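Notes follow once the structure below has been shown.
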Amino acid sequence: MTALLETPPEAPAARARSLPLWANPRLGLLVLLVVLVVLFTALRPSFLDVDFTLVPMQADISVYVVVGLAQLAVLSLGHMNMAVGRMAAMSAFAMGLAYQELGTPLVVDVLIGLAVGAGLGALAGLVISRTGVNSFVVTLALDFALVGLVSLLYAKATDGVSFGAQPGGMAALRTDTFADYCAGNVCGPPVPLIVPIAVVAALLVGLLFRWSRTGREILMTGASVKAAELSGIPVGRRVVQAHALSGLLSGLAGFLLAVNNGAFSAGIGDAFLLPSFLAPVLGGTLLVGGAVSVLGTFLGATITQVIYKGLNLLQFQVDQLKLYIGLVLIVALSLDRVRHVLAERRGARA
Amino acid sequence: MILSASGLVKTFPGVRALDGASLSLAAGSVHALLGENGAGKSTLVKILTGVYRPDGGTIELDGKPVHFTGPLDALRAGIGVVHQERNLVTEFSVAENIVLHHLPRRFGVVRRSRVRDEARRCLDLLDLDLDPDAPVSTLSVAQAQLVEIAKALSVDNRVLLLDEPTASLTGDEADRLYAIVRKLTGSGHAVVLVSHKLEEVFAVADTVTVLRDGRSVAEGQPLSAYTRDEVVDLMVGRAHAAVSLAARTPLSSDAAALSLTDVATSYGHADVSFDVAPGEIYGLYGLVGAGRTELAKALLGLGSVTAGTVSVHGTPVRISGVGEALRRHRIGYVTENRKEEGLFLEQPITRNIGVTVWHRLTRLGLIRDRAEASLVDDYRQRLGIRLATPKQLAGQLSGGNQQKVSLAKWLAADCGILIVDEPTVGIDVRTKAAFHELIAGLAGQGMAILLISSDLPEIVTLADRIGVMAGFRLRGELPNDGDYERMSQSIIRLIHTPLIPAAPH
Chain A
1 MTALLETPPE APAARARSLP LWANPRLGLL VLLVVLVVLF TALRPSFLDV
51 DFTLVPMQAD ISVYVVVGLA QLAVLSLGHM NMAVGRMAAM SAFAMGLAYQ
101 ELGTPLVVDV LIGLAVGAGL GALAGLVISR TGVNSFVVTL ALDFALVGLV
151 SLLYAKATDG VSFGAQPGGM AALRTDTFAD YCAGNVCGPP VPLIVPIAVV
201 AALLVGLLFR WSRTGREILM TGASVKAAEL SGIPVGRRVV QAHALSGLLS
251 GLAGFLLAVN NGAFSAGIGD AFLLPSFLAP VLGGTLLVGG AVSVLGTFLG
301 ATITQVIYKG LNLLQFQVDQ LKLYIGLVLI VALSLDRVRH VLAERRGARA
Chain B
1 MILSASGLVK TFPGVRALDG ASLSLAAGSV HALLGENGAG KSTLVKILTG
51 VYRPDGGTIE LDGKPVHFTG PLDALRAGIG VVHQERNLVT EFSVAENIVL
101 HHLPRRFGVV RRSRVRDEAR RCLDLLDLDL DPDAPVSTLS VAQAQLVEIA
151 KALSVDNRVL LLDEPTASLT GDEADRLYAI VRKLTGSGHA VVLVSHKLEE
201 VFAVADTVTV LRDGRSVAEG QPLSAYTRDE VVDLMVGRAH AAVSLAARTP
251 LSSDAAALSL TDVATSYGHA DVSFDVAPGE IYGLYGLVGA GRTELAKALL
301 GLGSVTAGTV SVHGTPVRIS GVGEALRRHR IGYVTENRKE EGLFLEQPIT
351 RNIGVTVWHR LTRLGLIRDR AEASLVDDYR QRLGIRLATP KQLAGQLSGG
401 NQQKVSLAKW LAADCGILIV DEPTVGIDVR TKAAFHELIA GLAGQGMAIL
451 LISSDLPEIV TLADRIGVMA GFRLRGELPN DGDYERMSQS IIRLIHTPLI
501 PAAPH
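Chains as they are written, first to last, in the numbering used here: chain A, 1 to 350; chain B, 1 to 505.
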């Protein structure tokens, strides 16, 4: 990734700098990633097969990076968004409906869908900041309500499962890689077309939390609501903005998954919730708020997909697959914690 | 000797916190443990109570060597402690917190009525009128501190260590605490008192140990052998120059920077009127619970002003929040509760200072790190903030330096009016003097300062006029002539004057 994501932003960066290099959680993840890739390649050389493994894996990683960012947007506050999946589903529904009813081009459909996602997020944020009810409860309730709404809407507007016709360009996004586009003899790398969308989203989120006033004030609100309020930060507005961003990114993830699946369907987002926490938390984002790591989220999502793909190639059954992913993640998180505690003990102050 | 420790050594990476510290404690006496911030007092207290294990040295209890394996172990051996940091479970009730370590149970079930009775007994010891069922989260800082002390009293300890017990208490409350301390020593207990307030130490303690750079420079001497200045010299380690502030003449200006007329608030204030001119320090004195902090919060829009007028530079205003106070009226508020409200402890110093001015440091919507760094460097030099690196977390700084950071963000924001709430609570003698000079200097530059303090010497040193608040009302206002004896008497008299004179019998 770029220089922007190279230095993990926010507080852990400061902490990491005062700790030895080996205690940097991002470095640990990178090592783990390399080890896993080497391991899987040794066991199954087809792990490095471009068409069979690498291209689809990049497409999956793109989706789950954005899913992770959607959760990261509110983890920055110390909040949770239990409705990422359903916000993605509503957003994707709006995209499909816009094309079906208005016949608008893909870009417009996507923008309409993202606006729906952002709106749902803002609504959750507004309820949370006005009532003071815990974000977990509010978004869980919202998720519950939206589950019903999504299937009602799909039943009304489609055959009940997915939209029949997709906007032009969806198919190309799904099937093409940059290797299909050549200038003379020079062709692009075998990277799916949706990868840059996820990369740009990650860069923008990184930029927001690292260098913009809004992003930093969201983090400060996450670090201490009281101190933020007494430092003149418009706390309520920042809460709404963070949740709106979470909704928007959920919508984007929904779109990317629809691209991969080939259609806007009712099942989009069903499997988003767990991975949305996995990627950022594995990457060192705190659940208590005040610190996020975009690079860590990227690495977290990548590792999860590499494990998934690798075990899949080794012909593990779906249930076994889940079991092993869970075990690997517990080990990875524990090691990370052990390393951090060791480092802190060595660096402890009076 | 009940408890004696000798040659204690404790090192943390890069810091030798204790380097041969010794202390011995006789039954029935109050022993003062003094030293500047960072001298190792808190480390010593934590070793004596089993929180840390020493790297060297011995601890003897009743002449037998002991090795505490943890805080509970020390507690069982009869050593009770009130740490400087709060150690209450905020979601639990006052009563539950007080008896937390020995909840009365029957068949494994906590007996609520016994909990309440036991807590009531401890609260009564302190003459505290608190609802035992109230959750600790609803208490003020001072009340929580008193609950902490009640908790230590709930166990029959032979040795009681009090680390800055009066940091957030007022004179009355402190007096009450020290009366208890004397009662305890009278019945054979030994008490170790760590305090920055030398007046109190001299009034209460029998013997003294002074720590400097982790060593005991005076050990177990009777306190009466020293004068106040000699003790300060021992702590500081050099001949101590008495601090006196340069004479400051407040600018006489027609328009008050901040003025209140017959103000009432949602917190229950009534008829509060005073004004602060540019270049003036207006001292607002009162006991804890008198409504001073609440008044500041109402002015900032965190509560609401329900009657009367608040004017800024002559214009009536209605402020809805700290952001508006800062950006539209250039009013800053340095809170009394720096750990929870003043600082983001888990964030770097740069962000703690930059937070009020990020909108000024942006280019194309992005904050320029270099502009922020130079701002921080500027205030590091101006305020003498001692830090390892600007990226250091604010929570890693010492109390005095934390307070400077908490102040720096308002100076960076270029405030014209500054409300400073208990600026030197828990800060050592030298830093306190530096703070006083700093505040006087800010007023000298034309800033209007509303100084809220329950530290009488502080308010008499700094304020031009002193308003005395009690029971959410302003009892009176005194011009400060700088004569400590006379001023303190007048102030105390004002506080204890009944609001409505009792009818003659």
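Beta carbons are placed, not taken as given, at the ideal position from N, Cα and C, and that holds for glycine.
This structure is a prediction, so every number in the text was calculated from the model and none was measured.
Starting from residue 224 of chain A, find everything on chain B with Cβ-Cβ shorter than 9 Å and list it in chain order.
Along the first sequence, read from residue 1 onward, the residue named residue 224 of chain A stands at position 224. Per Cβ cutoff of 9 Å: 340, 341, 343, 344, 345, 346 and 347.
Chain A beta carbons: is any one of them nearer than 9 Å to that of residue 359 of chain B?
Locating residue 359 of chain B in the second sequence gives position 359, counting from the first residue. Interface flag for residue 359 of chain B against chain A is set, since a Cβ pair is found closer than 9 Å.
Where DSSP assigns a beta bridge to residue 285 of chain B, which residues make up the other side?
Residue numbering aside, residue 285 of chain B sits at position 285 when the second sequence is read from its first letter. Residue 285 of chain B is bridged to B:453 and B:468.
Buried versus exposed, by CB contacts within 10 Å (16 or more), residue 185 of chain A
Walking along the first sequence from the start, residue 185 of chain A turns up at place 185. Around the beta carbon of residue 185 of chain A, a 10 Å sphere encloses fewer than 16 other beta carbons of the protein chains shown; the residue is thus reported as exposed.
So, with DSSP's three-state summary, where would you put residue 127 of chain A?
To locate residue 127 of chain A, count along the first sequence from 1; it is residue 127. Per DSSP, reduced to three states, the secondary structure at residue 127 of chain A is helical.
Quick one: any contact between the segment 27-47 of chain A and the segment 235-243 of chain A, if contact means 3 or more CB pairs under 8 Å?
With a cut-off of 8 Å on Cβ pairs, the segment 27-47 of chain A is not in contact with the segment 235-243 of chain A, counting fewer than three such pairs.
In three-state DSSP terms, what is residue 254 of chain A?
Your numbering for residue 254 of chain A matches position 254 in the first sequence. In the structure shown, residue 254 of chain A sits in a helix (DSSP, three-state: H, G or I).
First and last residue of the alpha helix (DSSP H) that includes residue 298 of chain A?
In the first sequence, the residue the question calls residue 298 of chain A occupies position 298. Bounds of the alpha helix (DSSP H) holding residue 298 of chain A are 294-313.
Would you mind reading off the limits of the alpha helix (DSSP H) that contains residue 302 of chain B?
Here residue 302 of chain B corresponds to residue number 302 of the second sequence, with the count starting at 1. No alpha helix (DSSP H) contains residue 302 of chain B, which DSSP labels as neither H nor E.
So what's residue 476 of chain B in DSSP terms, helix, strand or just coil?
Along the second sequence, one-based indexing puts residue 476 of chain B at 476. DSSP places residue 476 of chain B within a strand segment (E or B) once states are collapsed to three.
Between residue 234 of chain A and chain B, is the shortest Cβ-Cβ distance under 9 Å, so that the two count as touching?
Counting from 1 along the first sequence, the entry for residue 234 of chain A is found at position 234. With 9 Å as the cut-off, residue 234 of chain A counts as an interface residue toward chain B.
Candidates B:341, B:127 and B:292, of which the one nearest residue 227 of chain A by Cα
Residue 227 of chain A sits at position 227 when you count from the first residue of the first sequence. The candidate whose alpha carbon is nearest that of residue 227 of chain A is B:341.
Answer yes or no: does any C-beta atom of chain B fall closer than 9 Å to that of residue 80 of chain A?
As a first step, residue 80 of chain A is located in the first sequence; it is residue number 80 there, counting from the start. Not an interface residue.
Expected contact under 8 Å - CB spacing of residue 253 of chain A and residue 70 of chain A to nearest Å:
As a working note, residue 253 of chain A is residue 253 in the first sequence. As a working note, residue 70 of chain A is residue 70 in the first sequence. Rounded, the Cβ-Cβ distance is 6 Å, consistent with contact.
Neighbour flag for residue 279 of chain A against chain B, beta carbons, 9 Å:
Here the question's residue 279 of chain A lines up with position 279 in the first sequence. Chain B contact via Cβ: absent.
For a quick check, are the C-beta atoms of residue 82 of chain B and residue 163 of chain B less than 9 Å apart?
Taking the second sequence and counting its residues from 1, one reaches residue 82 of chain B at position 82. Taking the second sequence and counting its residues from 1, one reaches residue 163 of chain B at position 163. In contact: residue 82 of chain B and residue 163 of chain B (Cβ atoms closer than 9 Å).
For the segment 48-65 of chain A, list every residue whose C-beta sits within 9 Å of some C-beta in chain B, in sequence order.
Of all residues in the segment 48-65 of chain A, none comes within less than 9 Å of chain B when Cβ atoms are compared.
Contact criterion: CB-CB distance below 9 Å. Does residue 242 of chain A meet it with respect to chain B?
Locating residue 242 of chain A in the first sequence gives position 242, where the first residue counts as 1. Not an interface residue.
Output yes if chain A places a C-beta closer than 9 Å to the C-beta of residue 366 of chain B; else output no.
As a working mapping, residue 366 of chain B is identified with position 366 in the second sequence. With 9 Å as the cut-off, residue 366 of chain B counts as an interface residue toward chain A.
Buried or exposed by the 16-neighbour rule on C-beta atoms within 10 Å, applied to residue 479 of chain B
Residue numbering aside, residue 479 of chain B sits at position 479 when the second sequence is read from its first letter. Taking all protein chains shown into account, residue 479 of chain B has fewer than 16 neighbouring C-beta atoms within 10 Å of its C-beta and is therefore exposed.
Could you confirm whether any beta carbon from chain B is found closer than 9 Å to the beta carbon of residue 290 of chain A?
Residue numbering aside, residue 290 of chain A sits at position 290 when the first sequence is read from its first letter. Cβ-Cβ to chain B under 9 Å: yes for residue 290 of chain A.
Starting from residue 341 of chain B, trace the alpha helix (DSSP H) in both directions and tell me its first and last residue.
Taking the second sequence and counting its residues from 1, the one referred to as residue 341 of chain B is at position 341. First-last for residue 341 of chain B: undefined, no H or E at that position.
Enumerate in chain order the residues of its own chain whose CB-to-CB distance from residue 259 of chain A is below 7 Å, with the five nearest sequence positions on each side excluded.
Taking the first sequence and counting its residues from 1, the one referred to as residue 259 of chain A is at position 259. Only residues of its own chain outside the window of five on either side were considered, and among them 170, 173, 174 and 194 have a CB closer than 7 Å to the CB of residue 259 of chain A, listed in chain order.
Assigned secondary structure, residue 168 of chain B (DSSP; H/G/I helix, E/B strand, else coil)
To locate residue 168 of chain B, count along the second sequence from 1; it is residue 168. Correct three-state label for residue 168 of chain B: coil.
Using the rule of at least 16 other Cβ atoms within 10 Å of the residue's Cβ for burial, across every protein chain shown, is residue 144 of chain A buried or exposed?
As a position in the first sequence, residue 144 of chain A is number 144, starting the count at 1. In summary, residue 144 of chain A is exposed, with fewer than 16 beta-carbon neighbours lying within 10 Å of its beta-carbon over all protein chains present.
Going by DSSP, which residues form a beta bridge with residue 261 of chain B?
As a first step, residue 261 of chain B is located in the second sequence; it is residue number 261 there, counting from the start. According to DSSP, which records beta bridges pairwise, residue 261 of chain B is partnered with B:309.
I'd like to know if residue 241 of chain B contacts chain A, where contact means its C-beta is closer than 9 Å to some C-beta of that chain.
The count along the second sequence starts at 1 and reaches residue 241 of chain B at position 241. Residue confidence is low: residue 241 of chain B scores 42 on pLDDT, short of 50, so the model does not pin down where it sits. Its coordinate-derived value is still stated next. Not closer than 9 Å to any Cβ of chain A, the Cβ of residue 241 of chain B fails to qualify, so no.
Using a Cβ-Cβ cutoff of less than 7 Å, which residues in the same chain neighbour residue 395 of chain B once the five nearest sequence positions on both sides are dropped?
On the second sequence, position 395 is the one that residue 395 of chain B refers to. Correct list, in chain order: 345 and 346.
So what does DSSP say about residue 415 of chain B, is it helix, strand or coil?
By one-based count along the second sequence, residue 415 of chain B stands at place 415. Coil, per DSSP.
So which of A:133, A:282 and A:157 has the shortest CA-CA distance to residue 32 of chain A?
Your numbering for residue 32 of chain A matches position 32 in the first sequence. Nearest of A:133, A:282 and A:157 to residue 32 of chain A, Cα basis: A:282.
Residues that residue 135 of chain B bridges to, as DSSP identifies them:
Counting from 1 along the second sequence, the entry for residue 135 of chain B is found at position 135. Bridge partners of residue 135 of chain B: B:93.
Three or more beta-carbon pairs under 8 Å between the segment 214-222 of chain A and the segment 87-104 of chain A, yes or no?
The segment 214-222 of chain A, when compared against the segment 87-104 of chain A, does not touch it at the 8 Å Cβ threshold.
Is residue 213 of chain A close to chain B, meaning its C-beta is less than 9 Å from at least one C-beta of that chain?
Your numbering for residue 213 of chain A matches position 213 in the first sequence. Cβ-Cβ to chain B under 9 Å: yes for residue 213 of chain A.
Is the CB of residue 409 of chain B under 9 Å away from at least one CB in chain A?
Translated into positions along the second sequence, residue 409 of chain B becomes position 409. Residue 409 of chain B has a beta carbon lying within less than 9 Å of a beta carbon in chain A.
Spatial neighbours of residue 142 of chain B in its chain, beta-carbon cut-off 6 Å, leaving aside the 5 residues before and after
Locating residue 142 of chain B in the second sequence gives position 142, where the first residue counts as 1. 168, 169 and 288.
Between which two residues does the beta strand (DSSP E) holding residue 211 of chain B run?
Translated into positions along the second sequence, residue 211 of chain B becomes position 211. It spans 207-212 - the beta strand (DSSP E) in which residue 211 of chain B sits, taken as one unbroken run.
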